[in-house]
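Everything below concerns the one structure shown next.
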Amino acid sequence: MLDQVRRWVERRGRRWDERRYQQAEARAQAAQARLGGQSVEAWLQAAGVSVIESPAPARFGTALVRATVDLDTRQITVYRETVPSDQRGTVIAHEAFHLLDPDCPDPVAEMAAHLFAARTTPIAVFPGALDP
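Under the numbering used here, the letters of the sequence shown match residues 1 to 132, in that order.
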């Protein structure tokens with residue numbers, strides 16, 4: 001998976017930074033511990049976080065977005081046209097990370113969110129590799 005993370009970083013026009021990767025790993029692990037042994041779905045429900053679906057894809061500039069989280073309303077929106085059903089749980093886990101991590105948003109958050117999703121869902125690849 002490390003090779004996939006490196007490719008993801010480079011595809012985003014950045015240089016590989018081992019220190020940032022280690023920080024992201026530590027934050028993904030800490031967020032997983034904050035689940036308290038619950039699944040992401042159970043934690044979301046207990047925390048009062050709603051997950052809704054939107055039929056329309058979201059665009060930010062030229063980027064097509066699979067999901068968003070509103071940190072104020074504690075709502076995750078999944079844009080179903082951009083999320084295959086077998087990736088829905090992974091996408092939700094990624095967004096849940098942003099609620100579980102007290103330092104979001106910051107430069108390491110996206111990598112950490114992808115690592116968290118990989119730790120908490122049965123996905124065989126680094127979730128960032130699925131980004132459009």
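The beta-carbon is built from N, C-alpha and C at its ideal position, and this holds for glycine as well.
Closest Cα partner of E41 within the set E25, A28, F97: Locating residue 41 in the sequence shown gives position 41, counting from the first residue. Ranking the options by Cα distance to E41, first place goes to F97.
Beta-carbon contacts of P127 that lie in its chain and below 7 Å, excluding the five residues immediately before and after: Numbered from its first residue, the sequence shown carries residue 127 at position 127. These residues qualify, in order along the chain: T90, H94, H114, A117, A118.
Touch test, the region 102-112 against the region 35-52, Cβ-Cβ under 8 Å, three pairs minimum: no
Contact under 7 Å by Cβ, E81 with P102: As a position in the sequence shown, residue 81 is number 81, starting the count at 1. As a position in the sequence shown, residue 102 is number 102, starting the count at 1. It is not a contact, given that the beta carbons lie outside the stated cut-off.
Whole-angstrom distance between E10 and S54, CA atom to CA atom: Taking the sequence shown and counting its residues from 1, the one referred to as residue 54 is at position 54. Taking the sequence shown and counting its residues from 1, the one referred to as residue 10 is at position 10. S54 and E10: Cα-Cα distance of roughly 31 Å.
Cut-off 7 Å between Cβ atoms - residues of its own chain near C104, not counting five sequence neighbours on either side: Indexing the sequence shown from 1 puts residue 104 at position 104. Hits under 7 Å: H98.
Spatially closest choice to R12 from P107, R34, Q75, S50, by CA coordinates: One-based indexing of the sequence shown puts residue 12 at position 12. The shortest C-alpha separation from R12 is found at P107.
I52 burial status per 10 Å Cβ neighbour count (16 or more: buried): The residue labelled residue 52 in the question sits at position 52 within the sequence shown. Taking all protein chains in view, the Cβ of I52 is surrounded by fewer than 16 other Cβ atoms within 10 Å, so the residue is classified as exposed.
Cβ distance (whole Å) where W8 is taken to contact A129 below 8 Å: Taking the sequence shown and counting its residues from 1, the one referred to as residue 8 is at position 8. Taking the sequence shown and counting its residues from 1, the one referred to as residue 129 is at position 129. Sure, about 6 Å apart at Cβ, within 8 Å.
Cβ of A63 within 7 Å of any chain C Cβ: Reference to chain C is not applicable here, since this structure consists of a single protein chain.
Euclidean distance between Cα positions of A31 and Q4: The residue labelled residue 31 in the question sits at position 31 within the sequence shown. The residue labelled residue 4 in the question sits at position 4 within the sequence shown. Near 21 Å, if we compare the C-alpha coordinates of Q4 and A31.
Identified DSSP bridge partners for D70: Along the sequence shown, one-based indexing puts residue 70 at 70. Q75, per the DSSP bridge assignment.
Which residues DSSP lists as bridging I52, in chain order: Your numbering for residue 52 matches position 52 in the sequence shown. Beta-bridge pairing links I52 to T77.
Local Cβ density within 10 Å of L100, reported as buried at 16 or more and exposed below that: Counted from its first residue, the sequence shown places residue 100 at position 100. The residue is buried, with at least 16 neighbouring Cβ atoms inside 10 Å.
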